[in-house]
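Working notes for the structure below.
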Amino acid sequence: MSSGVPVAAGYKFCPMDDDLVVYYLKRKILGEQLPANLIPTIDVYASSPDKLPLGLFQLGQANEWFFFSTKSKDDDITVIDGGYYEIDPDGAAPITWEGKIVGHVKTLFFYQGSPPNGTDTEWMVEEFRINPEFVPVDKADHNTQEKITNLVVCKIYRMRPLPEP
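Quick note, in full-length UniProt numbering, the sequence shown goes up one by one and the last residue is 165.
Dropping the structure here:
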């Protein structure tokens, strides 16, 4: 992935939660330049995690990938071919920066099969969403309002290592 910014050999992208929201998600929503173009945009919820193009993100820790994606705010369960994502019942946790709530993170687990009787898998997603009050935008700007509502950063985890090629 070309970032436009030189990346040192051995660099690993491992941002804090507030960094993801403040420096990546907010800037992406507003069409501003990102610190580095490291996070690809894909539809994370279009297929099971093992079928996603994980190779598009190459600078993370082992078994950890970041993507921009879109997702409706009200989906508790997202059903896809062969399985479904379900939100952790503990709900969303606030993300703070400089004393302000700038966003929320919620955890989704991927199950194989049909809800509510799916089988656990090794996949989970942390979904980062911005707090609408943190983004200065005109209420008449429907395009940006839609991005605030639907654009997320997803951190995908695989609990066990991928097999070596």
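Ideal Cβ placement from N, Cα and C applies to all residues, glycine included.
No experiment lies behind these values; they were computed from the predicted model shown.
| Check | Outcome |
| --- | --- |
| Burial state of Leu-54, where buried means 16 or more other Cβ atoms lie within 10 Å | buried |
| Three-way DSSP call (helix, strand, coil) for Val-153 in this model | strand |
| Given Lys-100 as reference, the closest of Lys-139, Ala-36, Ile-130, Phe-67 once Cα atoms are compared | Ile-130 |
| Thr-78 versus Pro-136 - alpha carbon distance | 30 Å |
| Exposure of Leu-151, with buried meaning 16 or more beta-carbon neighbours within 10 Å | buried |
| Gly-91 beta carbon less than 8 Å from that of Lys-12 | no |
| Distance CB(Trp-66)-CB(Lys-28) smaller than 8 Å | It is worth fixing the name first, because residue 66 is Phe in this sequence and not Trp. The answer is no: Cβ separation not under 8 Å. |
| Residue environment, Glu-133, which counts as buried when at least 16 other CB atoms sit within 10 Å | exposed |
| Own chain residues within Cβ distance below 8 Å of Gly-83, not counting five before or after | Ser-48, Phe-110, Tyr-111, Gln-112, Gly-113, Gly-118, Thr-121 |
| Straight-line Cα distance separating Leu-30 from Gly-103 | 15 Å |
| Pairwise C-alpha distance: Asp-17 and Ile-98 | What sits at residue 98 in the sequence shown is Glu, not Ile. Distance between the alpha carbons of Glu-98 and Asp-17: 13 Å. |
| Straight-line gap, Asp-50 to Arg-158 (C-alpha atoms, nearest Å) | 9 Å |
| Extent of the continuous alpha helix (DSSP H) to which Leu-25 belongs | Leu-25 -> no alpha helix (DSSP H), and no H or E assigned at all. |
| The beta strand (DSSP E) enclosing Pro-94, as first and last residue numbers | 93-97 |
| Spatial distance of Val-125 from Asp-138 (CA atoms) | 31 Å |
| Residues that Met-124 bridges to, as DSSP identifies them | Phe-109, Tyr-157 |
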